[in-house]
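Take the sequence shown: its letter number 136 is residue 136 in UniProt numbering, and every next letter is one higher. Beta carbons: idealized from backbone N, C-alpha and C, even for Gly. Just so we're clear, the structure is a prediction, and the values are computed from it rather than from any experiment.
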Amino acid sequence: MYGMINKFISTTVINRYGQSAWDEIKTSLGDYESTFLEVQPYSDEVTFGIVGASVEHLNVDLAVFLRQMGEDWVKETSQGSYKEMYSLVSGGAFEFISNLNNMHQVISAQLEELVPPSFLCEKNDDGSITIHYHSSRDGLEPFVEGLLMGVCEHFNQPAIISTVKLRDENNPFSTFRIDFK
């Protein structure tokens with residue numbers, strides 16, 4: 001993953017658990033923060049190591065922390081470096097999620113080693129959305145749940161996100177459902 005993700009982990013810890021919690025985690029990891037370049041790729045093991053150290057120190061469930069990171073990612077990027085991409089969408093959560101593959105393609109032009117996930121969205125007759133998510137990385141479904149929740153919140157569309165099916169040896173993608181309140 002890219003350095004921006006590694007640096008972002010601290011944002012979630014600080015926003016939700018406080019600066020002192022992050023300072024303790026950072027100390028346990030060594031002074032890594034100054035060494036990560038946002039647009040440089042790093043091995044996934046580095047990122048998962050930082051997440052692992054964070055959940056261990058915070059004594060929080062991994063899935064909970066990943067959901068929090070997903071929600072926080074949307075909050076931060078929609079107000080920061082990717083603000084313009086969010087503002088290009090006028091149709092709400094469905095339109096935004098439907099265009100994630102296009103957005104990742106644009107970003108891939110700048111980040112050549114990016115290995116983005118893919119999303120296939122369907123609008124259901126009852127107004128809900130079904131999302132099929134595929135990634136070369138395992139275990140990030142809670143992060144995606146958080147992202148989906150964050151996108152719905154960003155577009156002021158309160159929703160319940162549920163996991164319909166997880167990827168396995170017979171199914172190449174995980175499926176989520178968004179039910180709007």
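Distance check between residue 153 and each of 6, 66, 97 places 97 closest, using alpha-carbon atoms only. For residue 41, the beta-bridge partners assigned by DSSP are 2.
The Cβ neighbour count for residue 13, taken over all protein chains shown within 10 Å, is at least 16; the residue is labelled buried.
Ranking 95, 137, 85, 67 by CA distance to the CA of residue 163 puts 67 first. By the CB criterion at 7 Å, residue 151 and residue 63 fall outside the cutoff. Contact between residue 148 and residue 176 holds: CB atoms are separated by about 6 Å, below the 8 Å threshold. Going by C-alpha positions, residue 20 is about 34 Å away from residue 113.
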